[in-house]
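Novice: A single structure is presented below for examination.
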Amino acid sequence: MKTVHPNSTIGVFGSGQLGRMFAIEARKMGYRVHTFSPDADTPTGHISDVETTASYEDLDAVRDFAKAVDVVTFEFENVPSATVEAAAEFVDVHPRGEILHTSQNRLREKAFLSSNGIPVAPFRHIKLIDDLLRGADEIGFPAVLKTAGFGYDGKGQQKLLSHADLEPAFAALNGQEAVLEGFIDFEKEVSVVCTRGIDGSFAHYGVIENSHANHILDISFAPADVSAKVAADAVEITRSIAEKFAYVGTMCVEFFVARDGKLLVNEIAPRPHNSGHLTFGPCVSSQFEQQVRAVCGLPLGSTEFFRPAAMANLLGDVWANGEPDWTAALSLPGVSLHLYGKAEPRPGRKMGHITAVAGTAAEAANLAAEARRRLMR
Ligand code: AMP
Numbered sequence: 019m020k021t022v023h024p025n026s027t028i029g030v031f032g033s034g035q036l037g038r039m040f041a042i043e044a045r046k047m048g049y050r051v052h053t054f055s056p057d058a059d060t061p062t063g064h065i066s067d068v069e070t071t072a073s074y075e076d077l078d079a080v081r082d083f084a085k086a087v088d089v090v091t092f093e094f095e096n097v098p099s100a101t102v103e104a105a106a107e108f109v110d111v112h113p114r115g116e117i118l119h120t121s122q123n124r125l126r127e128k129a130f131l132s133s134n135g136i137p138v139a140p141f142r143h144i145k146l147i148d149d150l151l152r153g154a155d156e157i158g159f160p161a162v163l164k165t166a167g168f169g170y171d172g173k174g175q176q177k178l179l180s181h182a183d184l185e186p187a188f189a190a191l192n193g194q195e196a197v198l199e200g201f202i203d204f205e206k207e208v209s210v211v212c213t214r215g216i217d218g219s220f221a222h223y224g225v226i227e228n229s230h231a232n233h234i235l236d237i238s239f240a241p242a243d244v245s246a247k248v249a250a251d252a253v254e255i256t257r258s259i260a261e262k263f264a265y266v267g268t269m270c271v272e273f274f275v276a277r278d279g280k281l282l283v284n285e286i287a288p289r290p291h292n293s294g295h296l297t298f299g300p301c302v303s304s305q306f307e308q309q310v311r312a313v314c315g316l317p318l319g320s321t322e323f324f325r326p327a328a329m330a331n332l333l334g335d336v337w338a339n340g341e342p343d344w345t346a347a348l349s350l351p352g353v354s355l356h357l358y359g360k361a362e363p364r365p366g367r368k369m370g371h372i373t374a375v376a377g378t379a380a381e382a383a384n385l386a387a388e389a390r391r392r393l394m395r
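Just so we're aligned: the sequence shown equals residues 19 to 395 in this note's numbering.
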């Protein structure tokens, strides 16, 4: 097993906030960071030693990048497979490109999960309108139609309530492959953020409870308000997915908790995850530090929480009435501010988040929400 020692250079595909927080932790540990993405002046670039701005399709630039670094990881899972393969000619890439390939596409991901006995919502592969008509008959309504590729935060999703919705929804796919899923009347949504080391070691933060607004994560808190059985099952399912993938790095599994307590996997994120931002500060080792440790072949750190914690996302909407009232929010004890260095606060754009710690997870969630309310004058 090769250890990539501090003062070596970690290459990162992608340049958003996940890469930024990864780079903060990597630099804390004395690593150099080199980010590669099509953009310039990026959240990750601000913290990196080197920022390469080139298209993911520019394989010469990708190879030059790979030759300049000691190990490669990514913060953006829609990096093309050919890009990862070109980098892997020169340097180890964690997690493996094959995992990226599987989780980039909802169909491949669902097929992988169900063939490994992991519970998921009923689904059908949709290529033709006939697939959709038959699938809707079999699955019933309501259902959700999702494009197979490049979907996150509810992008490319349509809820179907009756037969009348089928043809327009199919037309809106514009020829893209899709997955039809049964709509789950869930009690809550939870996630498990875990890290698997090169040596097969496994660490997790327990179960995090998530609420969404307009399909985008809004508030997370930990520990989740679930039974010991649900918590143990969620961790066990996560562990088995990490094992089946022979995963190296930090990964998140998102679940629906059905009203009967049954868990269904909604999605896998092959990288640190928005719900795991509440580990950055409130835990001994954050999800980003764990990613650094895993991809560099170091032992994983402690995932212990100092106190129950919560996170509230800050979208561009928080800037709607002008400069947010930072003083009002930060005067609350237990609250910390994370901003991603993005210049333009567009509505719906993830600009930052607030973490809060308190005596209980519910109190922490209320505190994070109150801090966010105070930002908006
Ligand atoms: P996704 O992009 O698949 O993670 O979906 C974003 C959000 O849409 C999820 O976190 C759920 O709140 C909701 N959603 C997605 N799929 C389903 C489903 N099959 N049943 C109910 N809600 C869903």
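Cβ atoms here follow ideal geometry from the backbone N, Cα and C, with glycine treated the same way.
Give the straight-line distance between the Cα atoms of Glu-43 and Asp-110, rounded to the nearest whole angstrom.
Specialist: 20 Å
Novice: Closer than 8 Å to a non-hydrogen atom of the ligand AMP - does that hold for the CB of Asn-284?
Specialist: yes
Novice: So, using beta-carbon positions, are Thr-120 and Phe-31 closer together than 9 Å?
Specialist: no
Novice: Which residues bound the alpha helix (DSSP H) around Arg-38?
Specialist: 35-46
Novice: Report the three-state DSSP secondary structure of Arg-142 (helix, strand or coil).
Specialist: strand
Novice: Considering only residues of the same chain and omitting the five flanking positions on each side of Ala-379, which have a CB-CB separation below 8 Å?
Specialist: Within the same chain, Ala-379 has close Cβ partners Glu-227, Phe-239, Ala-240, Pro-241, Ala-242, Asp-243, Pro-326, Ala-327 and Ala-328.
Novice: Using the Cα positions of Ser-258 and Gly-340, report the straight-line distance between them to the nearest angstrom.
Specialist: 47 Å
Novice: Give the secondary structure of Lys-368 by DSSP, where H, G and I count as helix, E and B as strand, and everything else as coil.
Specialist: Here Lys-368 sits in strand by DSSP.
Novice: Considering Cα atoms alone, identify which of Ile-255, Ala-231 and Ser-26 is closest to Lys-46.
Specialist: Ser-26
Novice: Between the Cα of Phe-130 and those of Val-283, Gly-319 and Thr-297, spot the shortest distance and give me the residue it belongs to.
Specialist: Val-283
Novice: Looking only at its own chain, which residues have a Cβ that is under 7 Å from the Cβ of Ala-403, when we skip the five neighbours before and after it?
Specialist: The requested residue 403 does not occur in the structure, where the chain is confined to residues 19 to 395.
Novice: Compute the distance between the beta-carbons of Ser-304 and Cys-270, then report whether it is under 9 Å.
Specialist: no
Novice: Tell whether a beta-carbon distance below 9 Å holds between Ile-28 and Val-313.
Specialist: yes
Novice: For Ala-252 and Gln-35, what's the separation of their Cα atoms in angstroms?
Specialist: 26 Å
Novice: Please report the distance separating the alpha-carbon of Val-266 from that of Val-210.
Specialist: 16 Å
Novice: Taking its Cβ as the centre, do 16 or more other Cβ atoms sit within 10 Å of Asp-88, making it buried, or is it exposed?
Specialist: buried
Novice: Please give me, in chain order, every unbroken run of the alpha helix (DSSP H) with length at least 4 that falls completely inside the segment 107-187.
Specialist: 115-121, 124-133 and 147-157
Novice: Helix, strand or coil: how does DSSP classify Leu-318 here?
Specialist: coil
Novice: Would you say the beta carbon of Gly-167 is closer than 8 Å to some non-hydrogen atom of the ligand AMP?
Specialist: The nearest non-hydrogen atom of the ligand AMP is 8 Å or more from the C-beta of Gly-167.
Novice: Who are the near neighbours of Phe-306 in its chain, counting only those whose CB is closer than 6 Å to its CB and skipping five residues on each side?
Specialist: Same-chain partners within the cutoff: Met-39, Phe-40, Glu-43 and Pro-290.
Novice: Based on Cα-Cα distance, which residue from Val-162, Pro-351, Lys-206 and Gly-135 lies nearest to Val-197?
Specialist: Put simply, of Val-162, Pro-351, Lys-206 and Gly-135 the residue whose alpha carbon is nearest the alpha carbon of Val-197 is Val-162.
Novice: Could you tell me how far apart the beta carbons of Leu-179 and Phe-159 are, in whole angstroms, since I believe they sit closer than 8 Å?
Specialist: 6 Å
Novice: If His-52 and Ser-33 are in contact, beta carbons under 8 Å, what's the gap, nearest whole angstrom?
Specialist: With 8 Å as the limit, His-52 and Ser-33 do not qualify as a contact, their Cβ atoms being about 11 Å apart.
Novice: So what does DSSP say about Ile-202, is it helix, strand or coil?
Specialist: It is coil, neither helix nor strand.
Novice: For Ala-139, verify whether its CB is less than 8 Å away from any heavy atom of the ligand AMP.
Specialist: yes
Novice: Roughly how far, in whole angstroms, is the beta-carbon of Gly-115 from the beta-carbon of Ile-216, given that I think they are within contact range, below 8 Å?
Specialist: 16 Å between Cβ atoms; not a contact.
Novice: Do Ala-287 and Phe-201 have their beta-carbon atoms positioned less than 9 Å apart in this structure?
Specialist: no
Novice: From the DSSP output, in three-state form, read off Phe-239 for me.
Specialist: strand
Novice: Which first and last residues belong to the beta strand (DSSP E) in which Thr-256 is found?
Specialist: No beta strand (DSSP E) contains Thr-256, which is instead part of the alpha helix (DSSP H) from 246-262.
Novice: Which word fits Ala-382, buried or exposed, when buried means at least 16 other C-beta atoms lie within 10 angstroms of its C-beta?
Specialist: So Ala-382 counts as buried.
Novice: Which whole runs of the beta strand (DSSP E) in the segment 326-370 are 3 residues long or more, in chain order?
Specialist: 327-333 and 353-357
Novice: Is any non-hydrogen atom of the ligand AMP found closer than 8 Å to the C-beta of Val-208, if you look at the structure I gave you?
Specialist: At a cut-off of 8 Å, the beta-carbon of Val-208 does not count as near the ligand AMP: no heavy atom of the ligand is closer than that.
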